[in-house]
Structure formats: C-alpha cells, structure tokens
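For the sequence shown, the residue numbers in the UniProt record's numbering are 1 to 456. This report concerns only the one structure given below.
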Amino acid sequence: MNKQQQQHEEAQGEESTVQHQHGGDQPIGLDSEEWNEPVTADEDFLYSSDENGPDYSYFNASVEFNKPNFELKREHHCGREYTNKHATSTYLSRKFQEKVRDDPNCSLDGIINDARRRFMVNISSKKAYRTKRKAREAIKGCDMEQYERLWDYAATVRQSNPDSHIAIQIDRRSIEERATFQRLFDGLGALKKGFLAGCRPIIGLDGCFLKGPFGGQLLAALGMDENDNMFPIGIAIELITYIGRGNVVPYTFISDRQKGLVHAIEELFPGIEHRFCLKHLFENFKAKFKDSELRELFWATASATNGDDFKRALNALEIAQPQNGENLTAAGWLKRLPYYLWSRAHYGMAAKTDISVNNLNESFNNYILKARDEPIVTFLEFFRRKLMQRLTLKRQGMEKYGGKLCLNIVEKLAKSVENSRHCIAIFDSIESFEVDGFNRTSVVNLQRRSCSCGAF
1 MNKQQQQHEE AQGEESTVQH QHGGDQPIGL DSEEWNEPVT ADEDFLYSSD ENGPDYSYFN
61 ASVEFNKPNF ELKREHHCGR EYTNKHATST YLSRKFQEKV RDDPNCSLDG IINDARRRFM
121 VNISSKKAYR TKRKAREAIK GCDMEQYERL WDYAATVRQS NPDSHIAIQI DRRSIEERAT
181 FQRLFDGLGA LKKGFLAGCR PIIGLDGCFL KGPFGGQLLA ALGMDENDNM FPIGIAIELI
241 TYIGRGNVVP YTFISDRQKG LVHAIEELFP GIEHRFCLKH LFENFKAKFK DSELRELFWA
301 TASATNGDDF KRALNALEIA QPQNGENLTA AGWLKRLPYY LWSRAHYGMA AKTDISVNNL
361 NESFNNYILK ARDEPIVTFL EFFRRKLMQR LTLKRQGMEK YGGKLCLNIV EKLAKSVENS
421 RHCIAIFDSI ESFEVDGFNR TSVVNLQRRS CSCGAF
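As structure tokens, then:
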C-alpha cells in the first residue's frame with residue numbers, strides 16, 4: 001500500500017469508516033434511525049463472524065464519530081440474516097413500550113411485523129407475546145406487585161373521600177403464611193350519594209370475567225338515573241352495608257338467571273322485588289324450543305302488562321304446543337318459574353318502571369372492556385377516573401340543557417302525546433278517566449298515578 005492510499009484511508013476514518021478485511025470500497029448510507037441510538041452494555045449485539053467469513057463491528061455513528069451516517073469500506077458479499085440471539089423479549093419490550101402505551105390492544109402480528117421491519121429479525125408468536133407482556137408490565141406495573149399495593153390504595157381512597165367504602169378479604173391460615181387475595185369491594189362515596197339522592201330504586205346485577213393472568217370475575221351493581229342513563233353504584237359485593245336494605249324505598253333487582261342469586265336476594269333483602277332479564281331468559285328458552293311461533297308467544301306472554309293480556313297469551317302458548325306425554329311444553333317450562341320474576345304483568349309498582357332487560361350491565365361491561373386485562377390497581381384507577389369523567393360530563397350536559405324534565409323523559413312523553421291522538425278520555429268527575437283506544441278501555445287514576453293497562 002503506497003503513501004497516497006494510506007492518507008486516503010485516514011481521511012475516510014475521520015468520516016466514520018468501518019474497516020473490513022476484504023478489498024474494495026463502496027459507500028453505504030443507513031436510513032434507519034435505530035443505527036443512531038446509543039449502544040448500552042445490555043444491547044451489545046456487536047460481532048458476527050467466523051474464520052472465513054466477514055467480520056463486522058457495529059458502532060454508533062453519532063457517538064463515535066459525530067456523523068449522521070457511516071461508510072462501510074471494502075466490498076462484501078454476505079446475505080441478510082433475520083435471526084439474532086441478542087434480540088430477546090426483554091430487549092424488544094423496551095423498544096415496543098411506546099407502541100404498547102399508545103395501543104394496548106396491538107396485535108401480536110403487528111409486533112412481529114414491526115420487529116422484522118425495524119430490527120431485521122424474525123420472532124415467534126410466543127416471543128411477541130412475552131414482549132408485549134413485559135412492555136405492559138413496565139408501563140403499568142406487575143400484576144403481583146399491584147396486589148401487594150391494595151392496602152395502600154384503599155387507605156388513599158378513604159383519606160381522599162371519607163364516604164367511600166373499600167373492603168378487602170384475604171385468606172391466610174397462619175401468621176407465617178403469605179396472605180392470598182380473595183375479593184374486594186370498591187364503592188366510591190360520590191356514587192353512593194348520587195344513587196341515594198337521585199336514582200330510581202332499581203339495581204341491575206351482572207358479572208363479567210377478568211382477562212388478567214389470575215383471572216377472576218367482576219361483579220357490578222348499576223342503577224338508573226332520572227334520565228334513564230346508567231349510574232354505577234359499586235363493584236363486587238357488600239351492597240347491604242353500602243346502600244342499606246331499602247327500608248325507605250324498596251329496591252328492585254334485575255339480573256340474569258344465575259344459580260343461587262334468587263335465594264341470596266331473598267335472604268339478604270327480604271321482601272325486595274327481583275326480576276330476571278328477559279333477554280337472557282329468552283336465550284335459554286329458544287335453546288330448548290326451536291319453533292318460531294313459540295318464540296313469538298314467549299315475548300307476547302312475558303311482555304303482557306296486565307293480568308288479562310297475560311292469561312290470553314299464556315293460553316295461546318299452551319294451545320300452540322299441547323301436552324304430549326311427559327314432555328315438558330313451552331308453557332310448562334315458563335310456569336316452573338315464579339311469575340313475578342319474568343312477567344311484566346306481575347311486576348311491582350315500587351320502582352315505577354317496567355324495565356325487563358339488563359341492558360345497563362351489558363353497557364357497563366362494554367364500558368370497561370379495555371381495562372379487563374389490567375392489573376388490579378390499574379383497573380380500579382381506570383374505573384374511578386372513567387366514572388369521574390362521566391359524571392362531570394352528565395352534570396355539565398344537564399346544566400346546559402336547563403329543562404325541568406330530563407331530556408330522555410321529555411322524548412318519551414312526546415311519543416305518548418303523539419300516540420294519544422288515537423285515544424278518547426272521559427272524566428268521571430272525581431279523580432279518574434276512562435280512556436278508549438287501541439281496542440281497549442283503560443281506567444286512569446291521577447291521584448294514585450295508575451292505569452289499568454299496567455304499562456308505564
């Protein structure tokens with residue numbers, strides 16, 4: 001090598017040159033920003049060589065040479081490799097933290113494709129799952145660690161909101177044994193005050209499964225405000241000590257057809273009305289009876305609002321499927337259940353509503369869907385902040401509206417007024433009206449706020 005060539009190589013070294021042991025010069029520009037990241041001790045994927053193959057040394061251009069790119073000197077003939085033992089799930093989780101933070105529900109295929117595009121490495125679905133899990137734990141905390149922080153979280157909530165009720169139950173057989181979490185009740189004071197002050201005395205009960213590593217089930221109690229909107233009361237159990245037994249205004253519970261729930265409500269809330277969600281009851285009905293006519297008669301029977309209409313619909317159901325031996329008929333299947341659990345004609349008057357489906361809880365389950373796989377403290381904070389925003393938004397909306405009646409109620413009244421065009425009312429000169437319309441005559445008592453049709 002002559003002197004002129006040596007000077008040329010030294011000049012190239014000042015411009016961020018990486019030396020290669022084979023001949024030839026060829027400048028190569030790198031567009032990826034990942035090559036400009038600082039290389040730390042645990043990100044050392046430096047050398048890949050054998051005795052007869054190429055030998056590369058990767059340097060950070062901005063740190064080593066303070067240049068935006070570097071030049072690979074001498075010609076090389078190696079192919080592209082998509083395997084790298086140093087691209088572990090721990091390393092990749094640090095690189096994907098921003099992606100997981102922005103999109104907690106990002107798919108594993110998306111992580112696999114990003115790893116191939118950004119780092120030129122193929123990873124398996126299992127490694128992508130571990131990468132996402134570790135990134136999420138780094139952002140939101142480990143699930144096990146958050147269970148250990150529950151006591152501190154409960155104390156903080158009680159201190160900031162003294163009316164809140166948080167109860168934690170653990171299982172520990174001895175002092176030396178480590179405690180195991182069993183259940184928790186979270187009732188915020190603002191929700192309790194709002195329910196007792198301005199909501200209808202009807203409570204929807206339902207549960208959904210949690211998707212975290214420890215599983216579990218979330219139980220929720222929801223009320224209905226004066227605008228017929230969902231109003232969460234609390235999650236989990238211990239409603240008795242939280243809202244009382246309904247001695248002043250009797251509560252009405254509506255739930256799915258869960259085993260043991262009827263007896264539990266009768267024992268804890270004696271004399272309280274309980275209803276089944278007709279949507280879930282119908283799912284059980286149509287799984288047993290396939291005839292479309294029977295399904296239509298089911299809704300006619302369950303939705304009848306007075307005793308006469310109920311009897312006619314039930315008789316039609318018996319005629320549509322007569323008794324044949326010992327086989328259980330559709331009418332017989334319904335008769336096995338107490339009428340007050342599923343028939344609108346047998347609902348009580350305390351709640352002043354004929355709601356017969358548990359849509360409130362279904363809406364709540366969708367409302368918290370994104371947080372059902374979060375660690376427990378993260379989930380509780382999601383629940384608290386989400387409801388804080390919801391209550392503020394609802395209050396501001398009603399203040400801006402300014403009407404004497406809630407907007408949804410006004411819309412219902414407008415529909416009733418429109419339908420009243422087909423009715424003729426005759427006053428009895430005391431306190432009642434006889435109303436002719438819709439192929440029937442009903443008696444409306446204004447003092448008792450009742451109608452013989454049974455509908456609300």
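Every residue, glycine too, gets a C-beta built ideally from N, C-alpha and C. On a predicted model such as this, the values are computed, not experimentally measured, just so you know.
Measure the C-alpha to C-alpha separation of residue i and residue j and round it to an integer number of angstroms.
i	j	result
Phe231	Asp206	14 Å
Asn306	Pro375	49 Å
Gly216	Gln182	10 Å
Tyr47	Val121	In this prediction, Tyr47 has a pLDDT of 42, which is less than 50 and means its spatial position is unreliable; nothing more can be read from the coordinates.
Lys126	Cys208	27 Å
Ile319	Val157	59 Å
Pro201	Gly223	7 Å
Gly53	Glu81	Its pLDDT being 45, under 50, Gly53 is placed unreliably in this model, and the value from its coordinates should be taken loosely. Going from the Cα of Gly53 to the Cα of Glu81 covers about 14 Å.
Leu360	Gly204	7 Å
Cys423	Leu446	17 Å
Phe269	Ala221	15 Å
Thr180	Asn419	59 Å
Cys406	Asp152	40 Å
Lys286	Arg295	7 Å
Leu219	Leu108	30 Å
Ile265	Arg116	56 Å
Arg149	Thr88	30 Å
Ser292	Gly348	30 Å
Tyr401	Asn113	49 Å
Val325	Gly454	Strictly speaking, residue 325 in this sequence is Gly, with Val absent from that position. Their backbone Cα atoms lie some 36 Å apart in a straight line.
Ile430	Arg449	14 Å
Thr131	Lys290	47 Å
Gln169	Asp102	34 Å
Gln396	Leu337	44 Å
Lys386	Ser363	14 Å
Cβ of residue i within 8 Å of Cβ of residue j?
i	j	result
Asn229	Ile409	no
Ala350	Pro250	yes
Ala330	Leu341	no
Phe96	Asp143	no
Thr378	Lys140	yes
Asn358	Cys277	yes
Ala128	Ile111	yes
Ile233	Phe383	no
Who are the Cβ neighbours of residue i in its own chain at under 6 Å, not counting the five residues just before and after it?
i	result
Ala425	Phe433, Val435
Asp373	Lys211, Gly212
Gly437	His422, Cys423
Glu267	none
Ser255	Leu205, Leu261
Between the Cα of residue i and the Cα atoms of the options, which residue gives the shortest distance?
i	options	result
Thr301	Leu387, Ser160, Trp333, Asp428	Trp333
Met388	Arg117, Asp309, Leu191, Lys404	Leu191
Lys335	Ala87, Arg116, Asn324, Lys311	Lys311
Asn327	Lys288, Leu268, Leu393, Glu177	Lys288
Leu281	Val443, Ala455, Ser356, Tyr129	Ser356
Phe427	Ala115, Val444, Gly437, Ile235	Val444
Lys370	Tyr91, Gln159, Pro104, Cys451	Pro104
Thr90	Lys259, Ser442, Arg133	Arg133
Ser452	Gln146, Asp308, Ser292, Ser124	Asp308
Beta-carbon within less than 7 Å of residue i's beta-carbon, same chain only, minus the 5 sequence neighbours each way: which residues are those?
i	result
Leu314	Thr301, Ala331
Gly198	Asp225, Glu226
Ala135	Ser93, Phe96, Gln97, Val100
Tyr339	His346
Leu380	Tyr153, Asp186
Using 8 Å for Cβ pairs, my map puts residue i next to residue j. What's the rounded Cβ distance?
i	j	result
Ser303	Arg275	Going by Cβ atoms, the distance from Ser303 to Arg275 rounds to 13 Å, so no, they are not a contact pair.
Ser164	Gly194	Incorrect: roughly 13 Å between the Cβ atoms, too far for contact.
Ile272	Phe298	Ile272 to Phe298, Cβ: 26 Å. No contact.
Near residue i, which residues of its chain fall below 8 Å by C-beta distance, leaving aside the five closest residues on each side in sequence?
i	result
Val262	His274, Leu341
Arg178	Arg172
Pro162	Gly189
Thr441	Glu434, Val435
Gln146	Pro375, Ile376, Val377, Thr378
Asn284	Arg257
Gly403	Val410
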